[in-house]
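**Q** All residue numbers for the sequence shown refer to this note's numbering, where the first residue is 78 and numbers rise by one. Take this structure, written in structure tokens, and hold onto it; I'll ask about it next.
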Amino acid sequence: MVSIEGHSGIYTLRTEQLLNTDLNTAWEFFSSPNNLVKITPEHMAFEITSGKAKPMYPGQIITYKVSPFPGVRASWVTEITHVKDHEFFVDEQRFGPYSMWHHEHIFKVTDKGLMMWDKVSYKLPFGILGRMIHPILVKNKLTQIFTHRYKVLEEVFPA
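Laid out in structure tokens, this is it:
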């Protein structure tokens, strides 16, 4: 499930997924930058250019190249700002296509199994123009990316 809502020029994307695996296996998978390539749609030509070191740690800088739209190649720099082992981590954009990008990855063992939540708070550049293109381009693209990710994770951790 992917939902996106706007508030004060900032948007929040939320996902929720029950993972068919244990916490240690999920944490190992998500805390490795190398696995970002596996969960990103292939047509985006996602490429990590630095920062593949493990284990993930606060202050880790990871650089990428990505094609969000055909013919557009963008550089993206994120920093892992917070890590609470086997509970959550946060990556924040330092340079890239957004004015702000704050992505929380949360894991919790529940009576249903291992739940994973994503909460992405982001802001687009270009003021009102950015807000105008959000429903046309950005919202749809992010929904597509996180829906793809959901499906891939169903395959990575099959029932």
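All C-beta atoms, glycine included, are put in the ideal place defined by N, C-alpha and C. Predicted model, so just to flag it, every value in this text is computed and none were measured.
(1) If I measure Cβ to Cβ from histidine 225 and keep anything under 7 Å in the same chain, skipping five residues before and after, which residues do I get?
(2) Report the three-state DSSP secondary structure of proline 212 (helix, strand or coil).
(3) Can you list, in chain order, the residues of its chain whose CB lies under 6 Å from that of isoleucine 138, leaving out five sequence neighbours each side?
(4) Give every residue of the same chain whose Cβ lies closer than 7 Å to the Cβ of serine 109, excluding the five residues on either side of it in the sequence, and list them in chain order.
(5) How would you label phenylalanine 166, buried or exposed, when you count the other beta carbons within 10 angstroms and need 16 or more for buried?
(6) Between which two residues does the beta strand (DSSP E) containing threonine 92 stretch?
**A** To lay it out plainly:
(1) Pro118
(2) helix
(3) Gly128, Glu156
(4) Lys131
(5) buried
(6) 87-96
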